[in-house]
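*Asks:* This structure is in structure tokens; I'll ask about it shortly.
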Amino acid sequence: MLRPQLNPSSSHHHTTTTSSSSSTQLYFASSSCIASLRRPSPPSLIAGAGCRTTRRRQQGRQRVVVRCASSSAASSASEAARRGTGSSDMAPAAVVKVKAVATIKVTVEGLLNSLRPSKAIDNIRDLIGRSLFLELVSSELEAKTGKKKATVHSYAHKVDDDDHGVVTYEADFDVPTGFGPIGAVVVTNELGQEMFLEDLNLTAGDGAGNSTVLPIRCNSWVQPKSSIDEGTPGKRIFFAKAYLPGQTPAGLRSYREEDLKQKRGNGAGQREADDRVYDYDVYNDLGNPDSNGDLARPVLGGSKQFPYPRRCRTGRPPSKKDPKSETRKGNVYVPRDEEFSEVKNAQFLLKTLQSVLHAAVPAAQSALIDNLSLNLPFPSFFVIDKLFEDGVELPGVEKLGFLHSIVPRLLELLRDSPGDKILLFDTPANVQKDKFAWLRDEEFARETLAGINPYAIELVREFPLKSKLDPAVYGPAESAITADLLEEQMRRVMTVEEAISQKRLFMLDFHDLFLPYVHKIRSLKHTTMYGSRTIFFLTDDGTLRLLAIELTRPASPSQPQWRQVFTPSTDTTKSWLWRMAKAHVRAHDAGHHELITHWLRTHCAVEPYIIAANRQLSEMHPIYQLLHPHFRYTMRINALARSRLISAAGIIELSFSPQKYSMELSSLLRPHFRYTMRINARARSALISAGGIIERSFSPQKYSMELSSVAYDKLWRFDMEALPADLVRRGMAEEDPTAEHGLRLAIEDYPFANDGLLIWDAIKTWVQAYVARFYPDAASVAGDEELQAFWTEVRTKGHGDKKDAPWWPKLDSPESLAHTLTTIVWVAAAHHAAVNFGQYDFGGYFPNREYLGGEQTRPWNSDAAVQAAYAGFTARLKEIEGVIDGRNKDRKLKNRCGAGILPYQLMKPFSDAGVTGMGIPNSTSI
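Once you know that position 387 of the sequence shown is 387 in this note's numbering, the rest is easy, because the numbers rise by one and skip nothing.
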């Protein structure tokens, strides 16, 4: 007989705990004990042999999986000998019938492969039931020999091919009663093409019409058996339960170790698209010196001059002209399971093509005017308004030049569709609210608290303001902003000293970061650069008033230092100079936002966590299962940022939007913003690579990524990536145990911080409960060898240029572990959402959305305590939605509510489909 084996709950006095106190196992006891077994009836049990079909709903669609008996299991002694499994020693009597149902997702590539001549061979294999080979792995070792028990195996037969792109395979097993708990399933794909295995469900009957189900979530690619290299060994193992390393059943330990070994690879050779290997490399593929000497770029990472996080190693050959650089031929490798799902990829590419099409209009018009000279500004506001209000007539394909090869079908589809032939750009939400809000100082100031870069503003803690740069090189350290000037702008309501003591002065400080690059950047064509400081005063109604802007250009061999302070004025000339100064600050803030707050602190910093987790944490590790949803697609979106634009990839993620540009004077667009809606004339540029979108969108141009390296060196610290620590570092909050969230904000109406702390606390509560379930004390954390190896590798390899920094947290207690994991989840999910989805409406477009608190984040195991904690997490996120909605209607909160003011929704956890500018996805995946 069969019974589900429920692990007993561990008490707190034990130093180790089981991974799942209430999860179901399929356990096969010795025959002498069968008569005494009684099967409990938990709610998860389902009827097995008597069911013909089961209807289930997944991701909003109904799926019909037909379950019918297949032909006899392939468990003969001769087959065992061929496989080398040695199943002939199993007892021939007293077996339990087990049925496995494998759900395979049919992909577009799979449909295309159906046209291959070898497809006929696959069809024959399906017909005779030899396309998918499954082996059940026992969690126990042989009692006498101490060796692994022989697997119980069977071929699976295709039994259903439904209309929703799902193919179902079934296999029947005769499992000996002394087999022990099923701990894993080994899958061998004997078809000629890869398959995407969604899940495996094992059902065991007790002969009395009752059955027990063991679900195994897979969601992974299985390569064909013919693949023999280290990355695609032809077999995959899927574990049934989560275990800490020290609690891994003896029968699974070698499988656990071997699976990790395969994912680490050997650090040699060029990676192939179907590999499953995770390894590190420096950013040595940003330049393209073999194509053009002007496209050579320094290697970021691995040096004191340019420290940087590591990326995934691709193994592409070195450049001929610069052996330290990697060639940029072909697609950028990411491990197979890090690729977009085909649903996400199709929607992503469609939106990208639409963005490219938007770029096609000004590019084609420019071609008629200046033969594809991309250095003309918009001639007037009217031209900008026309894009949003009236649209522009679609150019013919013949006028698109290089774009002809990218978008002809999409363009013709739009031109031939019913209605007019007008391409209308989506109106940015802030323009819909108030077309002229961008002109006002109040909106300029408000966006520092509720815009797309709420991480830049900081408290003024000392005066006069002083630079930390060498005065012998960059001029006097003391700022030109004087106390008298500020007090005049504060209308003499208080002195500067009083304002600082009352925490009423704030600033954007882009002085020391940009000043060393001013002359380098000014030597380039069509751009300029200054260092800048911008000062704000906190008024009694909780809003910020813009007081002064200082622009600085350091001395050069041919020019003395230049610096000037600008203030608001009613004088016509001074008023225009003031607007020009604001435009410069917006350009600086734009670069800081995209290069540092967005790219560096989320995309770039997170990739090493992903690599380390896959190399050091087994897929059965509870912490791997917690983090996995928050890492999904990040490596692919980062690879797209480095790949060529002609692949129609990545333009959504980091390129600038008309929203940002439409807020500046057209006369200032030329030196600072460089025509976001235009596209590289040869479509050969990459996003963050030499000559790419980033370099063409920001004042630093070719020095953009180099500047992000400088920022990493000077500013990035893991211990400051937690939201509370970040706020305290910038002086925007101070610790107060009596205050909500344990912090007292310097500005009470700080929408990003107000809402972000709600999300932070919700994540922290969930992660703390999860960690407590598996780690009862400090010894259990310190003794987890996989966990410690993961964190060591994050520090010493992934962020190896900062490995000796004293601020790295130690994973030596459940509290330190929970805080570290909370920080990682916050950065990957909420931090990224705050700085990404407030960009132009397509920046808020998130195809195939998987939100924080959704099904994709749900724990893999059925542990009752973990599931209860997750339910509490989801419920809290829904409560937070209501809190944020209430705040956005509170007219006392002037930074998020009022005439012409956009409500702050970037921290709302959920969102409807489409362009919304809200919702927190699980991961950095767009």
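For each residue, glycine too, the CB sits at the ideal point set by N, CA and C. Remember, predicted model here, so these are calculated numbers, not experimental data.
How would you label residue 566, buried or exposed, when you count the other beta carbons within 10 angstroms and need 16 or more for buried?
*Replies:* Sequence index remark: in the sequence shown, residue 566 carries index 566 (1-based). The residue is buried, with at least 16 neighbouring Cβ atoms inside 10 Å.
*Asks:* On the criterion of 16 or more Cβ atoms from any shown chain inside 10 Å, does residue 105 qualify as buried, or is it exposed?
*Replies:* For this step, residue 105 is matched to residue 105 along the sequence shown. Residue 105 comes out buried.
*Asks:* Let's test the definition: count the other Cβ atoms within 10 Å of the Cβ of residue 97 and tell me whether it reaches 16, buried, or not, exposed.
*Replies:* Position 97 of the sequence shown, counting from 1, holds the residue named residue 97. Flag for residue 97 reads buried.
*Asks:* Considering Cα atoms alone, identify which of 272, 259, 604, 712 is closest to residue 923.
*Replies:* Sequence index remark: in the sequence shown, residue 923 carries index 923 (1-based). Closest option to residue 923, Cα to Cα, is 604.
*Asks:* Using a Cβ distance threshold of 8 Å, determine whether the region 252-269 contacts the region 299-306, with at least three qualifying pairs required.
*Replies:* No: fewer than three Cβ pairs fall under 8 Å.
*Asks:* For residue 221, count neighbouring Cβ atoms within 10 angstroms of its own Cβ and tell me buried if that reaches 16, exposed if not.
*Replies:* Translated into the one-based positions of the sequence shown, residue 221 becomes position 221. So residue 221 counts as buried.
*Asks:* Would you report the Cα separation of residue 331 and residue 288, rounded to the nearest angstrom?
*Replies:* Counted from its first residue, the sequence shown places residue 331 at position 331. Counted from its first residue, the sequence shown places residue 288 at position 288. If you take the alpha carbons of residue 331 and residue 288, they lie about 14 Å apart.
*Asks:* Might you give, ordered along the chain, the residues of its own chain that have their beta carbon closer than 7 Å to the beta carbon of residue 269, omitting 5 neighbours on each side?
*Replies:* Here residue 269 refers to the residue found at position 269 of the sequence shown. Closer than 7 Å at the Cβ level, and outside the excluded window around residue 269, lie 315.
*Asks:* Report the three-state DSSP secondary structure of residue 728 (helix, strand or coil).
*Replies:* Position 728 of the sequence shown, counted from the start, is the residue given in the question as residue 728. Here residue 728 sits in helix by DSSP.
*Asks:* Are residue 835 and residue 457 closer than 7 Å when you measure CB to CB?
*Replies:* For the purposes of this step, residue 835 is identified with residue 835 of the sequence shown, where counting begins at 1. For the purposes of this step, residue 457 is identified with residue 457 of the sequence shown, where counting begins at 1. No; because the gap between Cβ atoms is not below 7 Å, this pair is not in contact.
*Asks:* Counting only the same chain and skipping the five closest in sequence on each side, list residues whose C-beta sits under 7 Å from that of residue 790.
*Replies:* As a working mapping, residue 790 is identified with position 790 in the sequence shown. Excluding positions up to five away in sequence, the list reads 612, 613, 616, 617.
*Asks:* Comparing C-alpha positions only, which one of 838, 481, 562, 427 sits nearest to residue 594?
*Replies:* As a position in the sequence shown, residue 594 is number 594, starting the count at 1. The option with the nearest alpha carbon to residue 594 is 838.
*Asks:* Pick out whichever of 508, 488, 470 has its Cα sitting closest to the Cα of residue 461.
*Replies:* As a first step, residue 461 must be located in the sequence shown, where it is residue number 461. Ranking the options by Cα distance to residue 461, first place goes to 508.
*Asks:* In angstroms, rounded to a whole number, what distance separates the CA positions of residue 548 and residue 317?
*Replies:* Position 548 of the sequence shown, counted from the first residue, corresponds to residue 548. Position 317 of the sequence shown, counted from the first residue, corresponds to residue 317. If I take the Cα positions, the gap works out to 51 Å.
*Asks:* Out of 212, 103, 195, which has the shortest C-alpha to C-alpha gap to residue 203?
*Replies:* On the sequence shown, residue 203 is found 203 positions in, with the first residue counted as 1. Cα-wise, what sits closest to residue 203 is 212.
*Asks:* For residue 820, collect the residues of the same chain with a Cβ closer than 6 Å to its Cβ; drop the 5 residues on either side in sequence, then sort them by chain order.
*Replies:* The residue labelled residue 820 in the question sits at position 820 within the sequence shown. Result list for residue 820: 809, in chain order.
*Asks:* If you reduce the DSSP assignment to three classes, tell me which class residue 548 lands in.
*Replies:* Here residue 548 is taken as the residue at index 548 of the sequence shown, counted from 1. Of the three classes helix, strand and coil, the one that applies to residue 548 here is strand, per DSSP.
*Asks:* What do you reckon, are the CB atoms on residue 450 and residue 466 nearer than 7 Å?
*Replies:* Here residue 450 refers to the residue found at position 450 of the sequence shown. Here residue 466 refers to the residue found at position 466 of the sequence shown. No.
*Asks:* Taking residue 284 as the reference, which of 785, 102, 312 has the closest Cα?
*Replies:* One-based indexing of the sequence shown puts residue 284 at position 284. Of the candidates 785, 102, 312, the one whose C-alpha sits nearest the C-alpha of residue 284 is 312.
*Asks:* For residue 754, collect the residues of the same chain with a Cβ closer than 6 Å to its Cβ; drop the 5 residues on either side in sequence, then sort them by chain order.
*Replies:* Translated into the one-based positions of the sequence shown, residue 754 becomes position 754. Answer for residue 754: no residue qualifies.
*Asks:* When the Cα atoms are used, what is the spatial distance from residue 724 to residue 536?
*Replies:* Taking the sequence shown and counting its residues from 1, the one referred to as residue 724 is at position 724. Taking the sequence shown and counting its residues from 1, the one referred to as residue 536 is at position 536. Rounded to the nearest angstrom, the two C-alpha atoms are 22 Å apart.
*Asks:* Counting Cβ pairs, one atom from each stretch, are 3 or more of them under 8 Å apart for the region 862-879 and the region 724-737?
*Replies:* Too few Cβ pairs lie closer than 8 Å, so no.
*Asks:* Using only the alpha-carbon positions, how far apart do residue 920 and residue 602 sit?
*Replies:* Translated into the one-based positions of the sequence shown, residue 920 becomes position 920. Translated into the one-based positions of the sequence shown, residue 602 becomes position 602. Each residue's Cα considered, the two are about 14 Å apart.
*Asks:* Residue 291 to residue 639, Cα distance in whole Å?
*Replies:* Position 291 of the sequence shown, counting from 1, holds the residue named residue 291. Position 639 of the sequence shown, counting from 1, holds the residue named residue 639. So the alpha carbons of these two residues sit roughly 20 Å apart.
*Asks:* Could you pull the DSSP bridge partners for residue 153 from this structure?
*Replies:* One-based indexing of the sequence shown puts residue 153 at position 153. Answer is 135, bridged to residue 153.
*Asks:* Who are the near neighbours of residue 908 in its chain, counting only those whose CB is closer than 7 Å to its CB and skipping five residues on each side?
*Replies:* As a working mapping, residue 908 is identified with position 908 in the sequence shown. 881, 884, 918, 919.
*Asks:* Which residues in the same chain as residue 721 place their Cβ atom closer than 8 Å to its Cβ, once the five residues preceding and following it in sequence are excluded?
*Replies:* The residue you call residue 721 lines up with position 721 of the sequence shown. Cβ neighbours of residue 721 beyond the five flanking positions: 601, 605, 823, 826, 827, 831.
*Asks:* Going by DSSP, name the residue or residues bridged to residue 195.
*Replies:* The count along the sequence shown starts at 1 and reaches residue 195 at position 195. In DSSP, residue 195 forms a bridge with 222.
*Asks:* Helix, strand or coil: how does DSSP classify residue 904 here?
*Replies:* In the sequence shown, the residue the question calls residue 904 occupies position 904. Three-state result, residue 904: coil.
*Asks:* How many whole angstroms separate the CB atoms of residue 100 and residue 156, which I take to be in contact at a CB cut-off of 8 Å?
*Replies:* Along the sequence shown, read from residue 1 onward, the residue named residue 100 stands at position 100. Along the sequence shown, read from residue 1 onward, the residue named residue 156 stands at position 156. About 7 Å separates the two Cβ atoms, so the contact holds.
*Asks:* Helix, strand or coil, according to DSSP, for residue 458 in the structure here?
*Replies:* Locating residue 458 in the sequence shown gives position 458, where the first residue counts as 1. Note: residue 458 maps to strand in three-state DSSP.
*Asks:* Looking at C-beta atoms only, is the number of pairs between the region 545-561 and the region 479-490 that lie closer than 8 Å three or more?
*Replies:* Contact between the region 545-561 and the region 479-490 is present, because at least three Cβ pairs lie under 8 Å.
*Asks:* Looking at the secondary structure, which residues open and close the beta strand (DSSP E) in which residue 564 lies?
*Replies:* Position 564 of the sequence shown, counted from the start, is the residue given in the question as residue 564. Run containing residue 564: 562-566, per the beta strand (DSSP E) assignment.
*Asks:* Among residues of its own chain, excluding the 5 on either side of residue 564, which ones have a beta-carbon nearer than 8 Å to its beta-carbon?
*Replies:* As a working note, residue 564 is residue 564 in the sequence shown. 480, 550, 551, listed in sequence order.
*Asks:* Quick one, which of 102, 149, 427, 218 has its alpha-carbon nearest residue 166's?
*Replies:* Mapped onto the sequence shown, residue 166 falls at position 166. Residue 166 has its Cα closest to that of 102, out of 102, 149, 427, 218.
*Asks:* In or out: residue 625 buried (at least 16 other Cβ within 10 Å) or exposed?
*Replies:* In the sequence shown, counting from the first residue as 1, residue 625 sits at position 625. Buried, because 16 or more other Cβ atoms sit within 10 Å of the Cβ of residue 625.
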